[in-house]
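Quick mapping for you: the protein sequence lines, in order, are chains H and Y.
Position one of the first sequence corresponds to residue 8 (the numbering used here), numbered consecutively onward.
Position one of the second sequence corresponds to residue 98 (the numbering used here), numbered consecutively onward.
Glycine included, each C-beta is placed from N, C-alpha and C at the ideal position.
A short write-up of the structure that comes next.
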Amino acid sequence: MSNTHLLSSTNNNPVADVLQERIITPHDGLDAFSDAIRSVVRDWPFTRALAWRMFLRDVRATYRQSFLGYLWLLLPALANTMVWVFLNGANVVNIDSGDVPYPLFVFTGTVLWTAFNGSLVGAMGIVEEARGTLAKVNFPHESLVLAGFGKSLLNTAATAIFVIPFLLLYHVEFRTTMLLFPLGILATMLCGTALGLIVVPFTALFSDFGRAIHLGLRFGFFITPVIFPVPQSGWAYRVMIVNPATSLFVTSRSWLVGGEPPMYVAFSVVTISSLVLLLVAIVTLKVSLPHIIYRISG
Amino acid sequence: MSDLLIKAEHVSKKFCRSLKRSLWYGVKDVAHSLNPWSRSREMDGDGSLRANVDLRQDEFWALQDINFEVRRGECLGLIGHNGAGKSTLLKILNNLIRPDSGRITMRGRVGAMIELGAGFNPVLSGRENIYNQAALLGFETKEIKKKFDAIVDFSELEQFLDMPLQNYSSGMRVKLGFAVASQMEPDILLLDEILAVGDVGFRFKCLNVMGELQRKTAMIFVSHSMTQVHRICQKVILLSGGCVTYSGFDVAVAVRSYMGLVKTTQGIVVGSGEAEIVDLKIQTVCGTCGFGKTVDAEFGGWLRVTARIRIQTKQYPVLRMEFLLWNEDMMPVMELMAKDLLGYAFDLPDSDEIEITAFVARSELNAGRYSLSALITDESHTNVLCNYVNAAYLRVNADGPSGAHILSVAKWNIETKSREHHVVESSEEIDANS
Numbered sequence: 008m009s010n011t012h013l014l015s016s017t018n019n020n021p022v023a024d025v026l027q028e029r030i031i032t033p034h035d036g037l038d039a040f041s042d043a044i045r046s047v048v049r050d051w052p053f054t055r056a057l058a059w060r061m062f063l064r065d066v067r068a069t070y071r072q073s074f075l076g077y078l079w080l081l082l083p084a085l086a087n088t089m090v091w092v093f094l095n096g097a098n099v100v101n102i103d104s105g106d107v108p109y110p111l112f113v114f115t116g117t118v119l120w121t122a123f124n125g126s127l128v129g130a131m132g133i134v135e136e137a138r139g140t141l142a143k144v145n146f147p148h149e150s151l152v153l154a155g156f157g158k159s160l161l162n163t164a165a166t167a168i169f170v171i172p173f174l175l176l177y178h179v180e181f182r183t184t185m186l187l188f189p190l191g192i193l194a195t196m197l198c199g200t201a202l203g204l205i206v207v208p209f210t211a212l213f214s215d216f217g218r219a220i221h222l223g224l225r226f227g228f229f230i231t232p233v234i235f236p237v238p239q240s241g242w243a244y245r246v247m248i249v250n251p252a253t254s255l256f257v258t259s260r261s262w263l264v265g266g267e268p269p270m271y272v273a274f275s276v277v278t279i280s281s282l283v284l285l286l287v288a289i290v291t292l293k294v295s296l297p298h299i300i301y302r303i304s305g
Numbered sequence: 098m099s100d101l102l103i104k105a106e107h108v109s110k111k112f113c114r115s116l117k118r119s120l121w122y123g124v125k126d127v128a129h130s131l132n133p134w135s136r137s138r139e140m141d142g143d144g145s146l147r148a149n150v151d152l153r154q155d156e157f158w159a160l161q162d163i164n165f166e167v168r169r170g171e172c173l174g175l176i177g178h179n180g181a182g183k184s185t186l187l188k189i190l191n192n193l194i195r196p197d198s199g200r201i202t203m204r205g206r207v208g209a210m211i212e213l214g215a216g217f218n219p220v221l222s223g224r225e226n227i228y229n230q231a232a233l234l235g236f237e238t239k240e241i242k243k244k245f246d247a248i249v250d251f252s253e254l255e256q257f258l259d260m261p262l263q264n265y266s267s268g269m270r271v272k273l274g275f276a277v278a279s280q281m282e283p284d285i286l287l288l289d290e291i292l293a294v295g296d297v298g299f300r301f302k303c304l305n306v307m308g309e310l311q312r313k314t315a316m317i318f319v320s321h322s323m324t325q326v327h328r329i330c331q332k333v334i335l336l337s338g339g340c341v342t343y344s345g346f347d348v349a350v351a352v353r354s355y356m357g358l359v360k361t362t363q364g365i366v367v368g369s370g371e372a373e374i375v376d377l378k379i380q381t382v383c384g385t386c387g388f389g390k391t392v393d394a395e396f397g398g399w400l401r402v403t404a405r406i407r408i409q410t411k412q413y414p415v416l417r418m419e420f421l422l423w424n425e426d427m428m429p430v431m432e433l434m435a436k437d438l439l440g441y442a443f444d445l446p447d448s449d450e451i452e453i454t455a456f457v458a459r460s461e462l463n464a465g466r467y468s469l470s471a472l473i474t475d476e477s478h479t480n481v482l483c484n485y486v487n488a489a490y491l492r493v494n495a496d497g498p499s500g501a502h503i504l505s506v507a508k509w510n511i512e513t514k515s516r517e518h519h520v521v522e523s524s525e526e527i528d529a530n531s
């Protein structure tokens with residue numbers, strides 16, 4: 008439960024104001040969950056404003072100390088793309104991207120991977136980043152999730168904007184499904200955020216969990232159709248089909264540049280599950296944070 | 098009777114000594130709290146849930162069975178040694194961590210001044226940090242805009258506003274943090290040792306702000322400065338090892354108990370060494386004590402300090418001696434001097450050892466524990482031949498709730514005045530020699 012900011016702020020006539028009552032007990036279980044949900048709803052306006060402030064603060068601080076500034080948002084994606092284009096062009100690897108020109112294929116995949124990986128890692132790191140503030144100030148913690156999402160969105164958008172010159176370069180004809188691409192990005196980010204957030208209660212305590220996940224992500228890069236399309240058969244095919252991100256990547260890319268057919272059913276299932284998982288993760292975070300704060304800072 | 102805003106009942110909290118085990122317990126606690134059907138809780142008589150009443154391995158009680166109430170307009174002082182559990186209690190009140198058992202009821206808006214710089218980003222300017230900090234503390238954007246000038250004024254940092262925060266000194270950061278926090282209008286205010294840094298002028302300003310806020314809020318004030326506690330708090334809780342050892346309205350008694358927990362420190366001798374204090378004793382109505390020991394004394398009773406000294410130099414024809422009494426806050430409270438308000442002057446002795454005695458007929462020191470230091474200097478007080486700090490201790494017993502260092506019994510007079518008289522006839526006498 009957190010402060011209400013919808014209270015009348017005049018203290019001139021305290022007896023007349025109805026004071027909000029907060030009861031603090033070691034409550035767990037259903038009590039804790041219902042409290043958490045209620046406070047998320049009640050504090051939403053404040054959470055949104057605070058998240059915006061945090062977002063501005065973190066972005067400004069990151070780029071204030073650099074010369075190239077916001078350009079650094081774009082360069083990693085470009086660099087990554089160039090590596091794979093080179094490797095393919097030099098026949099070090101041999102990837103058949105079908106009708107889609109390979110550089111375009113890779114760049115789109117990279118944009119989506121930035122969205123997915125960025126939001127997942129960002130969500131995982133919110134407790135560590137805010138470690139100091141968490142132990143000292145009482146504020147609605149879901150604002151950290153929202154601010155983190157905003158930062159990932161900025162990173163992704165800065166990269167995604169360059170899809171346009173790529174499309175022009177390869178003379179790709181406009182089609183209406185291209186307008187659905189941002190939706191695909193959002194769905195990918197939703198999935199990444201949900202997965203990253205659900206593990207936070209445990210990664211915050213023992214670094215092993217976090218490290219294992221980072222390690223897993225490196226491997227995950229290769230079981231997601233980022234730089235190559237889904238194979239037709241074999242064990243790689245079976246693994247990739249199980250990977251929830253696959254349907255998001257394939258569908259989004261097909262909306263933008265065609266190529267493989269979209270996987271609408273899987274896309275919808277994954278998106279809706281991600282939404283549910285995200286809500287569960289937020290409530291879980293709120294319930295477990297007091298325990299985490301106590302252990303990491305006393 | 099003003100409204101009850103804070104009520105704590107049977108609050109307890111465990112702490113684990115070993116880090117790894119603590120983190121593992123954290124995982125278990127998290128898992129337990131996430132189980133919506135966790136029914137392993139017992140209920141207390143008053144209906145509050147009791148959880149984890151047994152201590153697991155390496156655990157101890159950081160807080161045990163804490164009870165108190167605070168009403169609007171009251172300030173509760175929370176004192177105790179480092180590690181007594183004060184900050185933990187404050188964190189629970191601020192809803193940052195959960196108690197292991199007990200129940201706390203808080204009514205109204207809660208504001209906390211716990212670490213004023215939390216949330217400050219060092220790369221951003223003072224101006225940007227004001228906005229961030231205010232947002233974190235719960236202000237809406239238009240509120241911040243309205244209060245911005247007042248905040249800057251209070252902080253006295255107008256010319257540094259656009260400088261990045263990493264270039265601010267720690268005192269400046271506290272000023273900025275406090276300026277933002279002081280604009281809160283809470284019903285409950287939690288304060289945790291925030292005035293340790295900051296110049297005297299600013300601390301004064303802060304105490305004034307807190308005095309203003311006090312009328313409209315219920316305050317809990319954690320501090321190590323007994324002067325501040327005396328000044329602001331009407332009631333006090335003394336925490337020792339997680340338990341409440343005193344809870345009540347007699348601030349002076351609590352402060353004395355807190356000080357009483359301090360062990361005596363060893364005597365230290367500094368100075369050129371050209372003089373040596375061979376023996377020292379303090380005599381009072383109650384008894385005598387020697388080097389490093391403590392003697393009891395009564396308020397208003399007499400005091401005699403005797404020092405046997407040996408001068409090992411022929412350099413100075415005239416020497417001076419003085420005795421100082423220091424209180425537990427390490428402030429010099431009383432000095433035994435000669436009529437000229439300088440140390441007692443004596444000629445260089447021919448013999449090896451001499452004995453110097455200082456006698457005070459009526460000591461007006463208030464209750465407390467004082468340490469005595471003996472100082473031998475040359476006539477102009479420039480060279481220190483010997484300074485024996487913590488030579489002996491004096492424990493004064495006095496009844497009375499005052500927190501002042503010196504109590505003076507004055508002569509009082511009262512006169513009734515009729516309303517037609519506008520000229521005040523003053524006829525109070527204060528007898529200085531009484």
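Identified DSSP bridge partners for Y/Gly345: As a first step, residue 345 of chain Y is located in the second sequence; it is residue number 248 there, counting from the start. In DSSP, Y/Gly345 forms a bridge with Y/Val333.
Nearest-angstrom Cα separation, counted from Y/Val457 out to Y/Arg401: As a position in the second sequence, residue 401 of chain Y is number 304, starting the count at 1. As a position in the second sequence, residue 457 of chain Y is number 360, starting the count at 1. Those two C-alpha atoms are separated by around 6 Å.
Given 8 Å, three or more beta-carbon pairs between the region 273-282 of chain H and the region 193-202 of chain H: yes
Beta-carbon neighbours of H/Gly139, restricted to chain Y and to distances below 7 Å: For the purposes of this step, residue 139 of chain H is identified with residue 132 of the first sequence, where counting begins at 1. Under the 7 Å cutoff, chain Y gives Ala215.
Neighbouring residues, chain H, relative to Y/Leu131 (Cβ below 7 Å): As a first step, residue 131 of chain Y must be located in the second sequence, where it is residue number 34. By Cβ distance, chain H contributes Thr291, Val294 and Ser295.
Interfacial residues, the region 188-221 of chain H to chain Y, with Cβ spacing under 9 Å: Pro208, Phe209, Ala211, Leu212 and Phe213
6 Å Cβ shell around Y/Val375 - same chain, five flanking residues per side excluded: Looking up residue 375 of chain Y in the second sequence gives position 278. Result list for Y/Val375: Arg405 and Arg407, in chain order.
Minimum Cβ-Cβ distance from H/Ile44 to chain Y less than 7 Å: Counting from one through the first sequence, the residue named residue 44 of chain H turns up at place 37. So no, H/Ile44 is outside the interface.
Residue environment, Y/Arg169, which counts as buried when at least 16 other CB atoms sit within 10 Å: By one-based count along the second sequence, residue 169 of chain Y stands at place 72. By the 10 Å Cβ count, Y/Arg169 comes out buried.
Close beta carbons around H/Ile190, own chain, < 7 Å, minus the five adjacent residues each side: Position 183 of the first sequence, counted from the first residue, corresponds to residue 190 of chain H. Sequence check: residue 190 of chain H is Leu here, not Ile. Within the same chain, H/Leu190 has no close Cβ partners at all.
Cut-off 6 Å between Cβ atoms - residues of its own chain near Y/Ser137, not counting five sequence neighbours on either side: Taking the second sequence and counting its residues from 1, the one referred to as residue 137 of chain Y is at position 40. With a pLDDT of 47 at Y/Ser137, under the threshold of 50, the predicted position of this residue should be treated as unreliable, though the coordinate-derived value follows. Counting only Cβ-Cβ distances below 6 Å, and skipping sequence neighbours, we find nothing.
Contacts of H/Arg49 in chain Y (Cβ-Cβ under 8 Å): The residue labelled residue 49 of chain H in the question sits at position 42 within the first sequence. The contacting residues do not exist; H/Arg49 stays about 13 Å from chain Y at best.
Residue interval of the beta strand (DSSP E) (run including Y/Ala159): In the second sequence, the residue the question calls residue 159 of chain Y occupies position 62. Y/Ala159 -> beta strand (DSSP E) spans Glu156 to Arg168.
Closer than 7 Å at the beta carbon, the chain H residues around Y/Asn218: Here residue 218 of chain Y refers to the residue found at position 121 when the second sequence is read from its first residue. Arg64 and Ala68, listed in chain order.
Cβ pair H/Ala252, H/Thr231 closer than 7 Å: Position 245 of the first sequence holds residue 252 of chain H. Position 224 of the first sequence holds residue 231 of chain H. Cβ atoms of H/Ala252 and H/Thr231: closer than 7 Å.
Buried/exposed call for Y/Ser198, threshold 16 Cβ in 10 Å: Position 101 of the second sequence, counted from the first residue, corresponds to residue 198 of chain Y. Its Cβ being crowded by 16 or more others within 10 Å, Y/Ser198 is buried.
Pairwise C-alpha distance: Y/Gly177 and Y/Tyr343: As a first step, residue 343 of chain Y must be located in the second sequence, where it is residue number 246. As a first step, residue 177 of chain Y must be located in the second sequence, where it is residue number 80. About 10 Å.
Limits of the beta strand (DSSP E) - the one that Y/Lys378 falls within: Locating residue 378 of chain Y in the second sequence gives position 281, where the first residue counts as 1. Where Y/Lys378 is concerned, the enclosing beta strand (DSSP E) stretches over Ala372 to Thr381.
Y/Gln230 to Y/Phe299 span [Cα, whole Å]: Within the second sequence, numbered from 1, the residue matching residue 230 of chain Y stands at position 133. Within the second sequence, numbered from 1, the residue matching residue 299 of chain Y stands at position 202. If you take the alpha carbons of Y/Gln230 and Y/Phe299, they lie about 20 Å apart.
Against chain H: residues of the region 187-212 of chain Y by CB proximity under 8 Å: Lys188, Ile189, Leu190, Asn191, Asn192, Leu193, Ile194, Arg195, Pro196, Asp197, Ser198, Gly199, Arg200, Ile201, Thr202, Met203, Arg204, Gly205, Arg206, Val207, Ala209, Ile211 and Glu212
C-beta atoms of Y/Ala489 and H/Thr140 nearer than 7 Å: Residue numbering aside, residue 489 of chain Y sits at position 392 when the second sequence is read from its first letter. Residue numbering aside, residue 140 of chain H sits at position 133 when the first sequence is read from its first letter. No. Outside cutoff.
CB of H/Val128 within 7 Å of CB of H/Val264, strictly: Position 121 of the first sequence, counted from the first residue, corresponds to residue 128 of chain H. Position 257 of the first sequence, counted from the first residue, corresponds to residue 264 of chain H. No, Cβ-Cβ distance for H/Val128 and H/Val264 is not below 7 Å.
The region 438-455 of chain Y touching the region 416-424 of chain Y, judged by at least three CB pairs closer than 8 Å: yes
Contacts of H/Tyr77 in chain Y (Cβ-Cβ under 9 Å): Taking the first sequence and counting its residues from 1, the one referred to as residue 77 of chain H is at position 70. Those within 9 Å of H/Tyr77 in chain Y number zero; the least Cβ separation is about 15 Å.
Length-filtered (4 minimum) alpha helix (DSSP H) runs lying within the region 135-220 of chain H: 138-141, 149-167, 170-176, 188-205 and 207-210
Cutoff 8 Å; reference Y/Ala372; Cβ partners in own chain excluding five residues on either side: Position 275 of the second sequence, counting from 1, holds the residue named residue 372 of chain Y. For Y/Ala372, where only same-chain residues beyond five positions count, the Cβ hits under 8 Å are Ile406, Arg407, Ile408, Gln409, Thr410, Leu416, Ile473, Leu482 and Cys483.
Any chain Y beta carbon closer than 7 Å to H/Leu263: For the purposes of this step, residue 263 of chain H is identified with residue 256 of the first sequence, where counting begins at 1. False, the Cβ-Cβ gap to chain Y never drops below 7 Å.
Whether Y/Glu156 touches Y/Lys111 by CB criterion (7 Å): Here the question's residue 156 of chain Y lines up with position 59 in the second sequence. Here the question's residue 111 of chain Y lines up with position 14 in the second sequence. A contact, by the Cβ cut-off of 7 Å.
Closest Cα partner of Y/Phe318 within the set Y/Leu190, Y/Ala394, Y/Ala232 and Y/Gln263: By 1-based counting over the second sequence, the position of residue 318 of chain Y is 221. It is Y/Leu190.
Exposure label - Y/Arg270; buried when at least 16 CB within 10 Å: To locate residue 270 of chain Y, count along the second sequence from 1; it is residue 173. Its Cβ being crowded by 16 or more others within 10 Å, Y/Arg270 is buried.
Y/Ser222 (DSSP reduced to helix, strand or coil): Here residue 222 of chain Y corresponds to residue number 125 of the second sequence, with the count starting at 1. The answer is strand: DSSP assigns Y/Ser222 an E or B state.
Contact with chain H by Y/Val127, beta-carbon distance below 7 Å: Residue mapping note: residue 127 of chain Y aligns to position 30 of the second sequence, counting from 1. So, interface residue.
Distance, Y/His502 Cα to Y/Leu102 Cα: The residue you call residue 102 of chain Y lines up with position 5 of the second sequence. The residue you call residue 502 of chain Y lines up with position 405 of the second sequence. If you take the alpha carbons of Y/Leu102 and Y/His502, they lie about 34 Å apart.
3 or more residues per run - each beta strand (DSSP E) lying fully within the region 258-293 of chain Y: 285-289
Alpha-carbon to alpha-carbon, Y/Ile241 and H/Val287: By one-based count along the first sequence, residue 287 of chain H stands at place 280. By one-based count along the second sequence, residue 241 of chain Y stands at place 144. C-alpha separation (whole angstroms): 33 Å.
Integer-rounded CB distance, given that Y/Pro196 should sit under 8 Å from Y/Ser130: Here the question's residue 130 of chain Y lines up with position 33 in the second sequence. Here the question's residue 196 of chain Y lines up with position 99 in the second sequence. About 13 Å; that fails the 8 Å criterion.
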